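Residue numbers (our numbering), protein chains in the order written: chain A, 14 to 384; chain B, 82 to 541; chain C, 38 to 137. Step one of this worksheet: look at the structure below.
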Amino acid sequence: MTEIAKSNFDAIVAGGGLIGLAIGYGLSRRGLSVLLLDAEDTALRAARGNFGLVWVQGKGAYFPPYADWTMRSSELWPKLAEELQETGGPALGLHQDGGLSICLSEAEMQQRYEKLDHLRAHQNGRFQFEMLDRAALKEIMPGIGPKVVGAAYCPHDGHVNPLYLMRALQTGLIRNGGVCLANAAVRKIDKIGSSIRVGTAKGDFECQRIVLAAGLANAELAPMVGLQQSLKPQKGQIVVTEKLDQQMPLPTLLLRQTDEGGLMIGDSHEDVGFETSVRPDIVSGIADRALATLPALADVGVVRSWAALRVMSKDGYPIYDQSETMPGAFAISCHSGVTLSAAHAFDLAGYIAEAGLGQELDGFSQRRFNV
Amino acid sequence: MANQHFQIAIIGAGPAGMAAALTTTKAGLETIVIDDQKDSGGQVYRHLQANRETLPAYLGKSYYEGAKLGQSFADCGALYRPDCTVWQITDTHEIALVSRGKAELITADYIIIATGAIERPMPVRGWTLPGVMSVGGAQTLLKQAALGADDAVFVGSGPLLYLTVWQYIKAGLAVRAVIDITGAEQWRSAIPFAPLALLQPDMLAMGRKWLRDIRQNTEVIKHVSAVEITGQSQAQGVSCTLSSGGKIDIDSNHIFLHQGVVPNVNLTMATGLDHQWDHQAHCWRPVTDVTGKSSDEQIYIAGDGGGIGGAKAAAIAGRLAASAIVARCGKPRFLTQLYYKLRHLHYLSIRPFLDRLYLPPVHFRLAQDDDTIICRCEAVSKADINAALASGASGPNQLKAFCRAGMGRCQGRSCGLVVQEMIASHTGQSMAETGYYRLRPPVKPITLAELASLEGPWPD
Amino acid sequence: MFKSTMPENGKIVHLHFDGEAITAFDGDNLAAALLRAGKTQFRTAVKNDPRGPYCMMGVCFECLVEIDGRPNQQACQIIVRDGMTIHRQSAPNSAGKASG
């Protein structure tokens, strides 16, 4: 422990979820020495609650920088998957064959269409989608229930195993010489000479750059580096079923099948503060909608469920900032940790390593809320 | 059926649950007893009401001692609902259960969780093969179906193992061998607590009787450092490595494993109650006060689910928790409570001795071979877990995320303690610091249709 | 082989296990009935490894069988019914059915 404390890292990443791991990995593959500080195994851990979608449709429909950034990440994902597969762990199961957002009413179809049409208009043809009526959808998913009206299909969508993604990023980070320290949540950050000093329960560490990627805890940490991140928890609940034979050709927004065979079914959007209990009324509603989508699932057993807190900014888009009062300090948060993993590992890590966040990401600054 | 309310809801109809119901109904409190078994008795008194007709003598005196309790329970006036699976208790004390394909919500002012114990996992190579069962499973077959295996090999240690072998002998079954993993180290740590155990001379005498009859009727193999079960599509035999270096191979298609019982904490943990690591018993237990009140003011825990004590201690614990609740409902019984507290302590006096004597050696608590399956549900081996540890997994939940151990239907009942100890051993943290899987409802699987069928006081 | 330790009597009940006719007694625990009939393997699990009943108390989820078309039934928690059709569970099988 004393050896680690003495060295001065090129970068310390505060947070071992998807954001921290992707950035930490990205920095390490560029040759930077990285120390990743993680909180407890039973901390809020939003990333472990992730559904696993690599999703493009609808994102940033009313905020073009987010639409661009999402599309960019989706295009970089195959490269990330290929690199990470070399860490030798379990297959990530990346599938980018498109995705569906199922609609159970004409109103839902209309709403979806308007949003995606708006997105298409502002993306200069880069973003593609198609509204499928019931007959067209039935060709892809023969088992759809009578209440299903149709779906929005987007060829850019996909899914991956978010937990194996975390494992691969962490393995990759360690292989590139990175150090991961658990039970070492950041408590204090200050400047010491030309370096930044980070205090944790496991000792003090020094670095040239600090990346705050601690999810909801970023709200407390950001002021330590002269930044602000106004974040609120948004609760989401998910259930997971026992394994079935592969029967879902494409993931949908609320129902996807993992490579192992289990179905992941979501979700909810609840504004209840820092509360992560699983509620029977919510999961009952989730089950209801799943059965409306695919009635043949009636006898399938739910073996797990969870509730996690999405890291939500006021508008739901990422907040990326670098400090002016503490050069080398960055604060990064978003709730689409899986989709943006590739952009984080490649582009964002590059900005952090080199010149700083730059113009492309200006739109994501916390400053946009100060109007 | 939706929204039934009771003053007391008791979950589990073993000795603790049954005894608790006797106290609450006698005090006039509306009581429901929810049980996932087909009839009362839990596991220790399983099938007892039915066995009173045929009276298989080999089950022994202490089994039939539960008959009176079972009969009184049947007559006590509690609403008894067998064959119901509780899958969640919410923080507003709603009990979500499934019965006959339909989900229901029941509310109660007070809840007594009396869900008992499970066996400590014993991961040895080949333990997932057909023909291998837990000793508790073998004993249940004797109780439930008067079924026993000839030429079975029993492996492990602990009172349940010795009792079951004894019952097998009394039933006329030929026991091929008993491989006893209790060693000198266990005796050394237990002996200082023997004087306390002398407070229960009848228990000690019973144990000695079992051990003597076992010695006289079968081959007992001791000083074993490793055990593996051989076979491809089913168990063919056991191969044990002796501490002295030699090997003994025994042919058998029926291998029964046991290395102690631990509280079944799945419901209590998923309910969010506080738990502590019990260093002496080497397991998790809910944090309770002396009456069994948990970290939730309305929820009590009674019986082995709160800490292993055996059937008699469980019944007293049920009485004790129920009396505490009855007192809170305005009918204090100070002397009765004191009596139960003292009797409870008395029954637990043998535990420091037994817990130490039958704590399995670490090399049996952990698997010894890389290809041994640790998480049975997801077929995750020791090597797989070590690979996840090498990838930087530093806690049980991160490890679960990295390699799926603990993600199956059993929710860690068969692997959790082993995984925890593997992580502790790798990271150097204590068992308490390492922690456990974060358990969530449903505590047992429930179908989508059952979930969707739940009616509640919420808008659809 | 499992054998009876008490005289066998009781009403006979007929079951089918993977197409084979088996007899049991009225009121029998299903897992026990199958074990009595010499069946120790009830299914194959996630990596196609053979499994059978282990704990007999509903906590290990090893004794899963398909009964009258419904998969994932814990045999140790079920009482036999005359005419029950039981199948070993294995992967893969037809769409919609759970496996493993």
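Even for Gly, the Cβ is constructed at its ideal location relative to N, Cα and C. Predicted model only: the values in this text are computed from it and were never measured.
Check each candidate in B/Y126, B/P163, B/D164, B/T173 and name the one with the smallest Cα separation from B/G151.
Closest by C-alpha distance to B/G151, out of B/Y126, B/P163, B/D164, B/T173, is B/Y126.
Span of the beta strand (DSSP E) holding B/T358?
-> For the sequence presented, residue 358 of chain B should be read as Trp rather than Thr. Counting along the chain, B/W358 sits inside the beta strand (DSSP E) bounded by residues 356-359.
| said: According to DSSP, is C/Q111 part of a helix, a strand, or is it coil? | reply: Annotated three-state conformation of C/Q111 is strand, per DSSP.
Please classify B/S375 as buried or exposed, where buried requires at least 16 neighbouring CB atoms within 10 angstroms.
B/S375 counts as buried, since no fewer than 16 other beta carbons sit within 10 angstroms of its beta carbon.
> Along chain C, in chain order, which residues have C-beta atoms closer than 9 angstroms to that of A/D272?
Replying inline: Neighbours of A/D272 on chain C: none; closest Cβ ~12 angstroms, over 9 angstroms.
With respect to the alpha helix (DSSP H) encompassing A/I332, which residues constitute its N-terminal and C-terminal limits? Here A/I332 belongs to no alpha helix (DSSP H); instead the beta strand (DSSP E) covers 332-335.
inquiry  = What does the alpha-carbon distance come out to for the pair A/Q98 and C/A82?
reply    = Straight-line Cα distance between these residues: approximately 26 angstroms.
Less than 9 angstroms between the C-beta atoms of A/A226 and A/V26, yes or no? Against a cut-off of 9 angstroms, the Cβ pair of A/V26 and A/A226 comes out as a contact.
Next on the checklist: Which residues does DSSP list as the beta-bridge partners of B/Q85?
Outcome noted: BP columns for B/Q85 point to B/I187.
Could you tell me whether any Cβ in chain B is nearer than 9 angstroms to the Cβ of C/I49?
No, C/I49 does not count as interfacial toward chain B.
| field | A/M261 - DSSP class collapsed to helix/strand/coil | value | Note: A/M261 maps to coil in three-state DSSP.
So is A/K151 in contact with chain C if we call contact Cβ pairs under 9 angstroms?
Closer than 9 angstroms: no.
* Whose C-beta lies closer than 8 angstroms to the C-beta of B/C491 among residues of the same chain, with five residues either side of it excluded? -> Excluding sequence neighbours, B/C491 sits near R457, C458.
task: Return the chain-ordered list of same chain residues with a C-beta closer than 8 angstroms to the C-beta of B/P442, the five sequence neighbours on each side being excluded.
output: If we look at B/P442 and ignore the five residues flanking it on each side, its Cβ neighbours are I262, G264, E266, Q267.
- Message: So with CB distances below 7 angstroms, who are the chain C contacts of A/D312?
- Response: The contacting residues are R107.
- Item | Host alpha helix (DSSP H) of A/Q183 (start-end) | Its alpha helix (DSSP H) spans residues 175-188.
Requested in this report: Please compile the residues from chain C whose C-beta is within a distance smaller than 9 angstroms of the C-beta of B/R494.
Outcome: Contact annotation for B/R494 against chain C: C92, V96, C97, F98 [CB-CB distance below 9 angstroms, chain order].
Apart from the five residues on each side of it in sequence, which residues of its chain come closer than 6 angstroms, Cβ to Cβ, to B/R494? So the list reads I199, once near-sequence residues are dropped.
Exercise. If C/R88 sits next to C/E99, beta carbons under 8 angstroms apart, how far is it from one beta carbon to the other, in whole angstroms?
Worked result: That pair is a contact at about 5 angstroms.
Can you find a CB in chain A that lies within less than 9 angstroms of the CB of C/I115?
No, no contact with chain A.
Exercise. Would you kindly check if the distance between the Cβ of B/P137 and the Cβ of B/A227 is under 9 angstroms?
Key: Cβ atoms of B/A227 and B/P137: closer than 9 angstroms.
(message) Is the separation between the beta-carbon of B/T104 and that of B/V407 shorter than 9 angstroms?
(response) In contact: B/T104 and B/V407 (Cβ atoms closer than 9 angstroms).
* Does any CB atom of chain C fall closer than 9 angstroms to the CB of A/E143? -> By this cut-off, A/E143 is not an interface position.
inquiry  = I need the straight-line Cα distance from A/P262 to A/M154, nearest angstrom please.
reply    = Cα-Cα distance, rounded: 7 angstroms.
Practice task
Name the one or two DSSP bridge partners that B/W365 has.
Solution key: For B/W365, the pairing in a beta bridge is given by DSSP as B/W358.
What is the rounded straight-line gap between the Cα of C/G51 and the Cα of C/V102?
Correcting the residue identity first, residue 51 of chain C is His in this sequence and not Gly. Distance between the alpha carbons of C/H51 and C/V102: 17 angstroms.
Below 7 angstroms between beta carbons is the criterion; list the residues of the stretch 304-338 of chain B that meet it against any residue of chain C, in chain order. Residues are counted here when their Cβ sits less than 7 angstroms from a Cβ of chain C; for the stretch 304-338 of chain B these are S314, Q315, given in chain order.
* Who are the Cβ neighbours of A/R222 in its own chain at under 6 angstroms, not counting the five residues just before and after it? -> In the same chain as A/R222, and ignoring 5 residues on each side of it, the C-beta atoms closer than 6 angstroms to its own belong to A24, G341, in chain order.
| Run through DSSP, which three-state label would A/E373 get? | Helix.
Discussion item. Quick check: what's the CA-CA separation for A/I299 versus A/L267?
Written reply: Whole-angstrom Cα-Cα distance: 9 angstroms.
Review point. Listing by chain order, which chain B residues have their CB less than 9 angstroms from the CB of A/P262?
Key: Near A/P262 there are no residues of chain B at all, since even the closest Cβ is about 20 angstroms away, more than 9 angstroms.
Enclosing alpha helix (DSSP H) for B/L470 [first to last residue]: First-last of the alpha helix (DSSP H) with B/L470: 463-471.
For the stretch 21-39 of chain A, which residues have a beta carbon sitting closer than 9 angstroms to at least one beta carbon of chain B?
For the stretch 21-39 of chain A, which is checked against every Cβ of chain B, the residues closer than 9 angstroms are G29.
Margin query: Pop quiz: B/V543 and B/V319 are said to be a contact at Cβ under 8 angstroms. What is the actual Cβ separation, rounded to whole angstroms?
Written below: What the structure shows of chain B is the stretch from 82 to 541, and residue 543 of chain B is not part of that stretch, so it cannot be assessed.
Considering only their Cβ atoms, is the gap separating C/M93 from B/M214 smaller than 9 angstroms? Result yes, Cβ atoms of B/M214 and C/M93 sit closer than 9 angstroms.
What does the alpha-carbon distance come out to for the pair A/G212 and A/L322? One Cα belongs to A/G212, the other to A/L322, and the distance between them is close to 26 angstroms.
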